[in-house]
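Quick notes on the structure that follows.
Residue numbers (the UniProt record's numbering): 1 to 459.
Structure (structure tokens):
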């Protein structure tokens, strides 16, 4: 569906182009006719009437950003509804994001990675002081402008820590590749969850590779690494890295949130201790051999960004990444070569290790099963099913969920967190087992509900 700029906004803003589309909305470059400045206008993607959950999450983004005033956090100028669609008016950002920066020019020096991480943490500290968790800290959400300013953006997944959660506890919102283990397993996010994202961004900048890979291309395989294995050793990709840097990155990216720095300020102190300014930068990996490059990155492709941007030279501190290049270095991966996972469109290739066919429960057996089930046992069974999904036993997981989901729907209600969590993981199973239509139906059903947080820690 083609993006249409709301007519109600044209009296104030003149649309110029579509900068990007993402899961939450479409971003337009526009000119503020009243103040004579270029802005970004973000509209919630709608398919018919705006659902209550989507609208509330979008409004939460505006409230979250409006409460933060910091140079490392994108500024929001206005928010509201136009022609029935919620919108945000934000500052226009030039430059490039960290994903593209590394993809085009190779891994960052230790000094540059330190600078970007510290600026990001400064923005997070301001956000946390305002009661806001970002919940989706990743390289593509960190932008480096032409002047060298580091800006954290896309608070569309932000959670206002002093308000009820917009998302049901059983529904995963975020990017699995950079999602903290506690969020994957259903525990509530915290400031330490955002710190974890910065740790993984550091790993990506220093190595030029994504922190986790899925050999079989499945979300289950990816999450198994995130939850149970943790980051591969940094020196596996950067043999000469100092132990202090390796320990600093490991501290921020610890699987157990208790072992991480508990605040953005504490994480910044860990980085300063591990990345002293006088440290000689780690040798970067280059996409192409050649003479030292200028400290600029040009011609940004705007197709995948969810925030406003414009191609422009990018200045970064420290020696340029072109120094002492080696021709036998492995080229840095381009962003399009990195694995992408989308909770809303799970890949539908056959399961790698399908379990043996399980007999379906008869109606009589199902009724007996339900008569002995309680809310606690339903939650326990749902968690068991999640474990089966993560191990790749999708058919067995689907059978467990098929027994639990009807009870949850009939007894707990359609909008109960455990009900929604069961339906979500059922959708994952259907998608992986080759039933995309059923998966899409279930994903849509979960998304349609405005889940209010309850006293539960659904998986």
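For each residue, glycine too, the CB sits at the ideal point set by N, CA and C.
Can you tell me the Cα-Cα spacing of residue 37 and residue 30, whole angstroms? Along the chain shown, read from residue 1 onward, the residue named residue 37 stands at position 37. Along the chain shown, read from residue 1 onward, the residue named residue 30 stands at position 30. Distance from the CA atom of residue 37 to the CA atom of residue 30, rounded to whole angstroms, is 9 Å.
Residue 91 - containing beta strand (DSSP E), residue span: Taking the first residue of the chain shown as position 1, residue 91 is located at position 91. Bounds of the beta strand (DSSP E) holding residue 91 are 85 to 91.
Is it buried or exposed for residue 378, if we count other Cβ within 10 angstroms and need 16 for buried? As a working note, residue 378 is residue 378 in the chain shown. With 16 or more Cβ atoms within 10 Å of its Cβ, residue 378 is classed as buried.
The alpha helix (DSSP H) enclosing residue 136, as first and last residue numbers: Reading the chain shown from its first residue, position 136 is the one you call residue 136. For residue 136, no alpha helix (DSSP H) encloses it, and the DSSP letter there is neither H nor E.
Quick check: residue 231 and residue 195, are their CB atoms within less than 8 Å of each other? The sequence position of residue 231 within the chain shown is 231, counting from 1. The sequence position of residue 195 within the chain shown is 195, counting from 1. The answer is no: Cβ separation not under 8 Å.
Going by the beta-carbon positions, is the gap between residue 129 and residue 154 smaller than 8 Å? Here residue 129 refers to the residue found at position 129 of the chain shown. Here residue 154 refers to the residue found at position 154 of the chain shown. No, the pair does not count as a contact, with Cβ atoms beyond the cut-off.
Quick one: Cα of residue 254 to Cα of residue 417, how far? Taking the chain shown and counting its residues from 1, one reaches residue 254 at position 254. Taking the chain shown and counting its residues from 1, one reaches residue 417 at position 417. Their backbone Cα atoms lie some 28 Å apart in a straight line.
Less than 8 Å between the beta carbons of residue 44 and residue 25, yes or no? Taking the first residue of the chain shown as 1, we reach residue 44 at position 44. Taking the first residue of the chain shown as 1, we reach residue 25 at position 25. Yes, the pair counts as a contact, with Cβ atoms nearer than the cut-off.
Could you give the distance in angstroms between the alpha-carbon of residue 249 and the alpha-carbon of residue 234? Counting from one through the chain shown, the residue named residue 249 turns up at place 249. Counting from one through the chain shown, the residue named residue 234 turns up at place 234. If you take the alpha carbons of residue 249 and residue 234, they lie about 8 Å apart.
How would you call residue 34, buried or exposed, if buried means at least 16 neighbouring beta carbons within 10 angstroms? Position 34 of the chain shown, counting from 1, holds the residue named residue 34. Exposed is the call here.
Segment limits, beta strand (DSSP E) that includes residue 32: Mapped onto the chain shown, residue 32 falls at position 32. It spans 25 to 32 - the beta strand (DSSP E) in which residue 32 sits, taken as one unbroken run.
Would you kindly check if the distance between the Cβ of residue 151 and the Cβ of residue 39 is under 8 Å? To locate residue 39, count along the chain shown from 1; it is residue 39. To locate residue 151, count along the chain shown from 1; it is residue 151. Remark: C-beta atoms of residue 39 and residue 151 do not approach each other more closely than 8 Å.
If residue 226 sits next to residue 258, beta carbons under 8 Å apart, how far is it from one beta carbon to the other, in whole angstroms? The sequence position of residue 226 within the chain shown is 226, counting from 1. The sequence position of residue 258 within the chain shown is 258, counting from 1. Actually they are not in contact, since the Cβ atoms of residue 226 and residue 258 sit about 17 Å apart, beyond 8 Å.
Proximity below 8 Å, CB of residue 385 to CB of residue 400: One-based indexing of the chain shown puts residue 385 at position 385. One-based indexing of the chain shown puts residue 400 at position 400. In terms of Cβ geometry, residue 385 and residue 400 form a close pair [threshold 8 Å].
For residue 42, the residue or residues it bridges with in DSSP: Within the chain shown, residue 42 is the residue found at index 42, counting from 1. Partner(s): 27 and 88.
Only counting runs of 4 or more residues, tell me where the alpha helix (DSSP H) segments fall wholly within the region 378 to 419, in order along the chain. Runs found: 394 to 407.
Residue 261 and residue 201: beta carbons closer than 8 Å? The sequence position of residue 261 within the chain shown is 261, counting from 1. The sequence position of residue 201 within the chain shown is 201, counting from 1. Not closer than 8 Å, so no.
Spatially closest choice to residue 275 from 80, 81, 243 and 143, by CA coordinates: For the purposes of this step, residue 275 is taken as residue 275 along the chain shown, with counting starting at 1. With distances taken between Cα atoms, residue 275 lies closest to 243.
Tell me whether the beta-carbon of residue 271 lies closer than 8 Å to the beta-carbon of residue 143. The sequence position of residue 271 within the chain shown is 271, counting from 1. The sequence position of residue 143 within the chain shown is 143, counting from 1. At least 8 Å separates the beta-carbon of residue 271 from that of residue 143.
Can you give the beta carbon distance from residue 121 to residue 268, rounded, assuming they're within the 8 Å contact cut? Along the chain shown, one-based indexing puts residue 121 at 121. Along the chain shown, one-based indexing puts residue 268 at 268. Residue 268 and residue 121 do touch by the CB rule: their CB atoms are close to 5 Å apart, below 8 Å.
May I have the straight-line CA-CA distance separating residue 464 from residue 277, to the nearest angstrom? Residue 464 is absent from the model: the chain starts at 1 and stops at 459.
Cβ neighbours of residue 70 in the same chain (closer than 6 Å, five flanking residues each side left out): The sequence position of residue 70 within the chain shown is 70, counting from 1. Close CB contacts of residue 70 within its chain, under the 6 Å cut and outside five residues either way in sequence, are with 123 and 126 (chain order).
Once the 5 residues before and after residue 5 are set aside, which same chain residues still bring their CB inside 7 Å of it? As a first step, residue 5 must be located in the chain shown, where it is residue number 5. Result list for residue 5: 15 and 28, in chain order.
Cβ of residue 439 within 8 Å of Cβ of residue 431? The residue given as residue 439 occupies position 439 in the chain shown. The residue given as residue 431 occupies position 431 in the chain shown. Yes, Cβ-Cβ distance for residue 439 and residue 431 is below 8 Å.
Shorter than 7 Å, the distance from the beta carbon of residue 416 to the closest heavy atom of the ligand MG, or not? This structure lacks the ligand MG; in fact it carries no ligand of any kind.
In the DSSP assignment, what residue or residues form a beta bridge with residue 15? Start at 1 with the first residue of the chain shown, and residue 15 comes out as number 15. Residue 15 is bridged to 30.
Contacts around residue 218, its chain only, beta-carbon distance under 6 Å, and the 5 residues preceding and following it disregarded: Translated into the one-based positions of the chain shown, residue 218 becomes position 218. Listed in chain order, the non-local C-beta contacts of residue 218 below 6 Å within the same chain number zero, local neighbours out to five positions each way being set aside.
By alpha-carbon positions, which one of 42, 442 and 131 ends up nearest to residue 18? Indexing the chain shown from 1 puts residue 18 at position 18. In terms of Cα proximity to residue 18, the closest of 42, 442 and 131 is 42.
Is it right to say residue 84 is buried, meaning 16 or more other beta carbons lie within 10 angstroms of its own, or is it exposed? Counted from its first residue, the chain shown places residue 84 at position 84. When all chains shown are included, residue 84 counts as exposed.
Inter-residue spacing [alpha-carbon to alpha-carbon] between residue 339 and residue 179: Reading the chain shown from its first residue, position 339 is the one you call residue 339. Reading the chain shown from its first residue, position 179 is the one you call residue 179. With a pLDDT of only 35 at residue 339, under the threshold of 50, the placement of this residue in the model should not be trusted; the figure read from the coordinates follows. If you take the alpha carbons of residue 339 and residue 179, they lie about 14 Å apart.
With burial defined as no fewer than 16 other Cβ atoms inside 10 Å of the residue's Cβ, what is the status of residue 407: buried or exposed? Numbered from 1 along the chain shown, position 407 holds the residue referred to as residue 407. Buried.
C-alpha distance - residue 394 paired with residue 388, whole-angstrom precision: Here residue 394 refers to the residue found at position 394 when the chain shown is read from its first residue. Here residue 388 refers to the residue found at position 388 when the chain shown is read from its first residue. Looking at the two C-alpha atoms, the distance is approximately 7 Å.
List the endpoints of the continuous alpha helix (DSSP H) containing residue 79. The sequence position of residue 79 within the chain shown is 79, counting from 1. Careful: residue 79 lies outside any alpha helix (DSSP H), inside the beta strand (DSSP E) at 76 to 82.
Cβ distance (whole Å) where residue 208 is taken to contact residue 76 below 8 Å: What you label residue 208 is simply residue 208 of the chain shown in a count that begins at 1. What you label residue 76 is simply residue 76 of the chain shown in a count that begins at 1. Not confirmed; about 33 Å, so no contact.
Buried or exposed: where does residue 263 fall if 16 or more other Cβ atoms within 10 Å of its Cβ makes it buried? Sequence index remark: in the chain shown, residue 263 carries index 263 (1-based). The residue is buried, with at least 16 neighbouring Cβ atoms inside 10 Å.
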